[in-house]
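Okay, so here's the structure we're looking at.
Numbering (UniProt numbering), first residue to last: 1 to 200.
Printed below as a string of structure tokens:
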């Protein structure tokens with residue numbers, strides 16, 4: 001059976017309540033950087049982590065093109081069916097980027113950073129990691145953090161944190177990031193500065 005003819009994969013069990021819960025988790029994750037928040041339960045038959053899938057269903061719509069690091073016609077059709085979100089041809093055109101192989105994450109300056117007049121027009125990356133703990137220990141500083149917050153996401157390439165410092169320095173422009181693993185999400189807004197405690 002072709003992808004076009006196949007029945008779409010299921011979405012949220014309770015579309016309104018589950019989307020509201022995921023949206024609140026996303027807001028909390030960005031307003032309290034570095035803290036881990038639970039998002040939602042797995043969606044049966046879907047080859048995406050629960051947090052990643054719930055965030056996409058809650059945040060994407062027909063006005064937010066999504067770039068997929070690993071294109072998958074079935075998943076792209078699934079998201080378009082449930083949200084109306086179309087596929088972005090490149091990171092520069094994306095409002096959201098789905099990254100499922102963090103080691104091959106493209107350079108952050110390759111994603112749209114918005115403009116000085118409209119910084120909200122930047123891309124938000126949703127990056128799936130093997131774990132939100134157990135990586136090199138870092139300290140996060142900035143709005144939403146009382147003094148500092150220790151974070152240790154695992155599975156990011158060494159170059160990421162140097163790119164992040166440049167992204168932070170470009171404020172108010174820059175990208176925001178959600179790290180997900182299973183049903184958990186951690187937010188890293190562009191306002192957050194990172195200092196290293198252990199080599200990355």
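Using N, Cα and C, we set each Cβ at its ideal position, and we do this for glycine too.
Item: Given residue 102, which residues of its chain have a CB within under 6 Å of its CB, disregarding the five upstream and five downstream residues?; Value: 127, 129, 155 and 156
Item: Let me know the secondary structure DSSP gives residue 98 once reduced to three states.; Value: strand
Item: Hey, could you find the ends of the beta strand (DSSP E) residue 178 is sitting in?; Value: 176 to 181
Item: Taking the alpha-carbon positions, what's the residue 42 to residue 184 distance?; Value: 11 Å
Item: Assess contact between the region 25 to 37 and the region 185 to 192, defined as three or more Cβ pairs (one per stretch) separated by less than 8 Å. Is contact present?; Value: yes
Item: From the DSSP output, in three-state form, read off residue 128 for me.; Value: strand
Item: Take the Cβ of residue 199 as the centre, count every other Cβ of all protein chains shown within 10 Å, and call the residue buried at 16 or more, exposed below.; Value: With a pLDDT of 46 at residue 199, under the threshold of 50, the modelled position of this residue cannot be trusted; read the value that follows with caution. Result: exposed.
Item: Cα-Cα, which of 72, 80, 47 and 95 is closest to residue 64?; Value: 95
Item: Using only CA atoms, which one of 57, 173, 104 and 191 lies nearest to residue 123?; Value: 173
Item: Consult DSSP for residue 56 and reduce its assignment to one of helix, strand or coil.; Value: helix
Item: Can the beta-carbon of residue 66 be found closer than 8 Å to that of residue 79?; Value: yes
Item: According to the Cβ coordinates, are residue 18 and residue 45 closer than 8 Å?; Value: no
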